[in-house]
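Since the structure comes first, as structure tokens, the remarks are kept for the end.
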Amino acid sequence: MAGKVAAREQITLRGSASIVSEFFSYGINSILYQRGIYPPESFTREQKYGLTMLVTTDPILNNYLKNVVGQLKDWLCNHFVQRLVVVINSIETNEVLERWQFDIECDKTMTENSQPREKSEKAIQDEIRSVIRQITATVTFLPLLDAACSFDLLIYTDKDLEVPEKWEESGPQFINNSEEVRLRSFTTTIHKVNSMVAYKKIDSF
Amino acid sequence: RRAVEGWRAAAGRSREFGESVRREIQAASGRWTGASCKAGYRMDDLGENTTVFSTLRSFNNFLSEGSAPLPRSSEPSSTSRMLQLQYEQMIQAEEQAEYVRSHSRIIEVEREKQKMEVSHKRARIELEKAAQTSSWNYEREADRNLELITQVKHMQEKEAEVVAKLKDQIDVNKSLKEDLGLQSKKLQDKEEKHAETNQMIDVLKSKISEQQRKQMNQEMQLTTLSTERQELLEQVEVQRKKWQEAVQRSQVLEAAQVVIAEKEQRLKDLENKITQQEQDSVIVKNMRSDLARIPELEKELRQLKEKNAYCKEMEDNNSLLKEEMESLRKKLQRLEKVKEEKVTLELEKEKLLAKLQSWENVEQTSGLNIRSPEDLSREIVLLQQRELVLKQQNSSVTTSARMLEKTRQQLQDEVLKLRTQLLSEQKKREQQEANARRMEKRNILLIKARDGMKGILDSYDNELVTNYSPQLNRRAREAEDMAQELHAHISELELEAELSVLQSQLAITDRSITNEEGNVLRQKIEELEAERSRLDQANKVLEMKLERYTLQGDYDPTKTKVLHFSMNPWSLAKEHRITEEKSLKEECEHLRERVQILEGGAVPEQGGSQTNLPPSQEIAEMRKQVNSAELKNQRLKEVFQKKIQEFRAVCYTLTGYKIDVTTENQYKLSSMYAEHQDDYLMFKFIIHVPDEFHRFLAR
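So the sequences go chain by chain: D and F.
Mapping of the first sequence onto this note's numbering: residues 1 to 205, in sequence order.
Mapping of the second sequence onto this note's numbering: residues 206 to 904, in sequence order.
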């Protein structure tokens, strides 16, 4: 595997892109399970990052995630991606209830042929683990999602990027009257991922 | 209680007697145990009266035996022996007699004791009875006492009540008396009123008599009037008869008028009919003419229909053509737009070509090695980098210049400060020199004074003048004056010194006024610093806002765009929802139709879907079943009715009794041979049979 992490202590651009896209794949699955978008019995357990991660077994959903994450990985190698957003909205009222936003800061000087950077895979895994734990912990203060919900993945890219087939432009899907919380971040020294969650304020008072 | 005590005393005494008797018996038995061992009597054998008799008989036998050998006592040797034997026998007999006596005594005593015990028991029983009776009596007495006490209390209460009632009665009496008084007063008033009314009555009576007189007069008038009335009545009757005749005539006239009116109406109707007939004839003529025209009209109709069809076709064609035209127009518009766009694009292309050429010329004009935009961009990057470097240098230079200026200003300030300090110190020095001079002068004066004093004192010491005191006083006064003058002088000098100090300060303040420009600059610096802090705060606020917007997901549309996968779960969920809704609505409609059909119960429309047919068949079958069941029910009812009537008739004829059901569970039994219809027996049917009857039946 020519682009992968050659030694445990060194990261290349490709390797960083694969780590980040893998994190997104598991993170999105974790969010879908925690927020109950899909029934919990449709998830199966896998070991990753030293945790028991829940991954969906729904074939349509899996196919969709594979497509999106694959395209994302490609774009990460070319520094086109700025942000990934998981938008959770109610099917009935069509309004956005939650927004999980992951900002990606990439070092533009890093290319395919640059020198690999020094950072141990274990350290990155520890950081990713703390992020995922924090995502799980946010469930405690997020408002309950009563109605049936669905989700969508938005990717913020450079303006002049060519839109591939099967993709289309969309609106940013803001939440009006929202409460935001900034979560932890992790970095591979090539890509830095900042996480935050915005949710619709419950006006019950 | 006394009886009990007496009984107890008697019992004690009987016990003591018994014990004494026993002791005697024991003593006697103790005496006789040695003597009566042969006899073998027991002390417990008290009830045996036969022993007494047996001992008596033996005693009598012994005595007869004893008396018989007495006449034979002739021999001297045997007589002594015989005497001795007789003596011994006599002693034995005496002893036996004593024994018997004591035994009899014992028996008597024991008998008495038995009697005593019996009597004792009787007495005890009687005493118990007496005690019981007395206790009962006592209880009765106690109860009676309680009753009497309660009665007493009752009586007391009653007394209290009675007393209270008495009081009430007394109060009532008082009130009644008061009422009586009031009522008597009222009576008096009423009597007075009565008197008044009587007076009124007299007055009224007089009036009545007057009225009667008037009435008499009026009656007379009445009679006259009545005679007049009768005359008038007769006249009235005559008039009435005339009126009746008139009425009859009028009636006849009215009848004639009615007949006339009817006839006139008939005339009018006939006239109308005639006009109508004339109109009808005219219409008939027109109709005939119309009928003649009908075939022509039919032909025209056919032609018109053909024309109509043709026109419709034409219309359709027209609409089609119009649509085509509109589409062509739209196409035209689009093509025109495309043309314009093409034109603009060509212009842009020319512009871009021009730009390209210019860019290509740049290569020639700028003299750099540029062949492609990449080179240009590289050059630009290089220039930007150079610019950045230069800017950095510039900024570093400016910062160094600023720092240098700052240091220069600081040094200038320091110089100024030092100069002012110098001047102030110079002044101080001058003042102090002046002070020193004055002090020296004072010193000299003081030394002079001291010397003078010393000389005076030495002169005084040297001179032997007796009277020192006035001169000393004078000198002392002079010295005091001198001292005061010196004090005044010193205070003046001190004042002058203070004045000089103040003047030096004024000089310093004068110097400070010359530093106005520095103050202005300082104020400016403060303003700038305040503005800087404000700008910092504004900056922070803006940064926070920016952070918030980035958290909310804001982005710069000129640099970023948002993409998502077309086949995303949200859109799939929306479509799914829409299809679900449609299917649910269709199902709803279906079900509503079905419900209507079921409720209507009509023959199901064959035009419906296949699913309607089987249920309607089921429904028909169900209905048939229901009808058949109802028919069966009806028939059963009729049959039952007939049968029961038959049965009841048969019962009546055979037994002679008829049973009718009047109300629920009540039956009326009437006989064939009853004399009246009211002779019947009523029975009630109880479902719950009593237990005794059940047991009876079971047995």
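For glycine and all other residues, C-beta sits at the position ideal for the given N, C-alpha and C.
Everything numeric in this text was worked out from a predicted model, so none of it was measured.
- Query: Quick one: what's got a C-beta closer than 6 Å to Tyr156 (chain D)'s C-beta in the same chain, skipping five residues either side?
  - Reply: The residues are Gln82, Arg83.
- For Asn773 (chain F), decide whether its Cβ has a neighbour in chain D, counting only Cβ atoms nearer than 8 Å. Chain D contact via Cβ: present.
- Query: Per the contact definition of three or more C-beta pairs closer than 8 Å, is the stretch 100-120 of chain D in contact with the stretch 42-56 of chain D?
  - Reply: No contact exists between the stretch 42-56 of chain D and the stretch 100-120 of chain D.
- Per DSSP, Ser90 (chain D) is paired with what? DSSP lists D:Cys149 as partners of Ser90 (chain D).
- Message: So that I know if they touch, is there some Cβ in chain D lying closer than 8 Å to that of Gln757 (chain F)?
- Response: Interface criterion met: the Cβ of Gln757 (chain F) is under 8 Å from a Cβ in chain D.
- Query: Any chance the stretch 139-148 of chain D sits against the stretch 189-203 of chain D, with 3 or more Cβ pairs inside 8 Å?
  - Reply: With a cut-off of 8 Å, the stretch 189-203 of chain D and the stretch 139-148 of chain D count as touching, because enough Cβ pairs lie within range.
- Query: Of the residues F:Ser705, F:Tyr760, F:Asn832, which one's Cα is nearest the Cα of Gln636 (chain F)?
  - Reply: Checking every option, the nearest Cα to that of Gln636 (chain F) belongs to F:Ser705.
- Task: Report the three-state DSSP secondary structure of Asp158 (chain D) (helix, strand or coil).
- Result: In the structure shown, Asp158 (chain D) sits in a strand (DSSP, three-state: E or B).
- Query: Counting contacts by CB-CB distance shorter than 8 Å, is Phe26 (chain D) in contact with chain F?
  - Reply: Note that residue 26 (chain D) is Tyr in the sequence shown here, rather than Phe. Put simply, the CB of Tyr26 (chain D) is far from chain F, with every gap to its CB atoms at 8 Å or more.
- Can you tell me the Cα-Cα spacing of Thr428 (chain F) and Gln435 (chain F), whole angstroms? If you take the alpha carbons of Thr428 (chain F) and Gln435 (chain F), they lie about 11 Å apart.
- Task: Using a Cβ-Cβ cut-off of 8 Å, state whether Ile585 (chain F) counts as contacting chain D.
- Result: No, its Cβ sits nowhere closer than 8 Å to a Cβ of chain D.
- Query: Are at least three pairs of beta-carbons, each pair with one atom in the stretch 181-196 of chain D and one in the stretch 105-113 of chain D, less than 8 Å apart?
  - Reply: Between the stretch 181-196 of chain D and the stretch 105-113 of chain D there are three or more C-beta pairs closer than 8 Å, enough to call the two in contact.
- Evaluate the contact criterion for the stretch 783-797 of chain F versus the stretch 167-177 of chain D: three or more CB pairs, one atom per stretch, below 8 Å. Judged by Cβ distances under 8 Å, the stretch 783-797 of chain F makes no contact with the stretch 167-177 of chain D, as fewer than three pairs qualify.
- Task: Starting from Glu180 (chain D), find everything on chain F with Cβ-Cβ shorter than 8 Å and list it in chain order.
- Result: Among the residues of chain F, those whose CB is under 8 Å from the CB of Glu180 (chain D) are Arg753, Leu756, Gln757, following chain order.
- Buried versus exposed call for Ser793 (chain F) [16 or more other C-beta atoms within 10 Å across all chains shown]: Just to set this straight, residue 793 (chain F) is Cys in the shown sequence, not Ser. Around the CB of Cys793 (chain F), fewer than 16 other CB atoms lie within 10 Å, so the residue is classed as exposed.
- Query: How many angstroms separate the CA atom of Arg207 (chain F) from the CA atom of Ala298 (chain F)?
  - Reply: Rounded to whole angstroms, Arg207 (chain F) to Ala298 (chain F) spans 51 Å at the Cα level.
- Nearest to Leu768 (chain F) by alpha carbon, out of D:Glu162, D:Glu121, D:Asn177, D:Val193? Minimum Cα distance to Leu768 (chain F) is reached at D:Glu162.
- Per DSSP, cross-strand counterpart(s) of Val193 (chain D): As DSSP reads the structure, Val193 (chain D) sits in a beta bridge with D:Ile104, D:Phe186.
- Message: Can you tell me whether Arg35 (chain D) is helix, strand or coil according to DSSP?
- Response: Arg35 (chain D): coil per DSSP, three-state reduction.
- Exposed or buried, Gly321 (chain F), counting other C-beta atoms within 10 Å across all chains shown (16 or more means buried)? Checking the displayed sequence, the identity of residue 321 (chain F) turns out to be Met instead of Gly. With 16 or more other Cβ atoms from the protein chains shown falling within 10 Å of its own Cβ, Met321 (chain F) counts as buried.
- Span of the beta strand (DSSP E) around Leu886 (chain F): Per DSSP, Leu886 (chain F) belongs to the beta strand (DSSP E) from 885-889.
- Message: By alpha-carbon positions, which one of F:Glu442, F:Lys560, F:Glu592 ends up nearest to Pro578 (chain F)?
- Response: Distances from the alpha-carbon of Pro578 (chain F) to those of F:Glu442, F:Lys560, F:Glu592 put F:Lys560 closest.
- Message: Nearest by alpha-carbon distance to Ser150 (chain D): which of D:Asn89, D:Ser185, D:Asn78 is it?
- Response: With distances taken between CA atoms, Ser150 (chain D) lies nearest to D:Asn89 out of D:Asn89, D:Ser185, D:Asn78.
- Span of the alpha helix (DSSP H) around His881 (chain F): Segment: none, His881 (chain F) is in no alpha helix (DSSP H) and carries neither H nor E.
- Could you name the residues of chain F that Ile155 (chain D) contacts, counting a contact when the two beta carbons are closer than 8 Å? Residues of chain F passing the Cβ test: Val767, Leu768, His769.
- Below-8 Å beta-carbon distance, Thr763 (chain F) vs any chain D residue: Yes, Thr763 (chain F) counts as interfacial toward chain D.
- Item | Cβ shell of Lys889 (chain F) (< 7 Å), same chain only, five flanking positions each side left out | Leaving aside the five residues that flank Lys889 (chain F) on each side, the residues in its chain whose CB is nearer than 7 Å to its CB run, in chain order, Asn870, Gln871.
- Message: Using a Cβ-Cβ distance cut-off of 8 Å, determine whether Leu61 (chain D) contacts chain F.
- Response: Taking 8 Å as the CB threshold, Leu61 (chain D) lines the interface with chain F.
- Distance, Ile11 (chain D) Cα to Glu127 (chain D) Cα: If you take the alpha carbons of Glu127 (chain D) and Ile11 (chain D), they lie about 15 Å apart.
- Minimum C-alpha distance to Ala641 (chain F) - residue among F:Glu699, F:Gly657, F:Gln626, F:Met658: When only C-alpha atoms are compared, the closest one is F:Glu699.
- Message: For Lys527 (chain F) and Lys544 (chain F), what's the separation of their Cα atoms in angstroms?
- Response: Spanning the alpha carbons of Lys527 (chain F) and Lys544 (chain F) requires a straight line of approximately 25 Å.
- Task: Taking 8 Å as the cut-off, decide whether the C-beta atoms of Val86 (chain D) and Ile28 (chain D) are in contact.
- Result: Yes. Within cutoff.
- Would you mind telling me which residues of chain D sit closer than 9 Å to Lys779 (chain F), beta carbon to beta carbon, in chain order? What Lys779 (chain F) touches in chain D: Ile91, Asn94, Ser150.
- Message: Based on DSSP bridge pairs, tell me the residues matched to Met53 (chain D).
- Response: Looking at the DSSP assignment, Met53 (chain D) forms a beta bridge with D:Glu46.
- Roughly how far, in whole angstroms, is the beta-carbon of Ser130 (chain D) from the beta-carbon of Arg184 (chain D), given that I think they are within contact range, below 8 Å? Right, their Cβ atoms sit about 6 Å apart.
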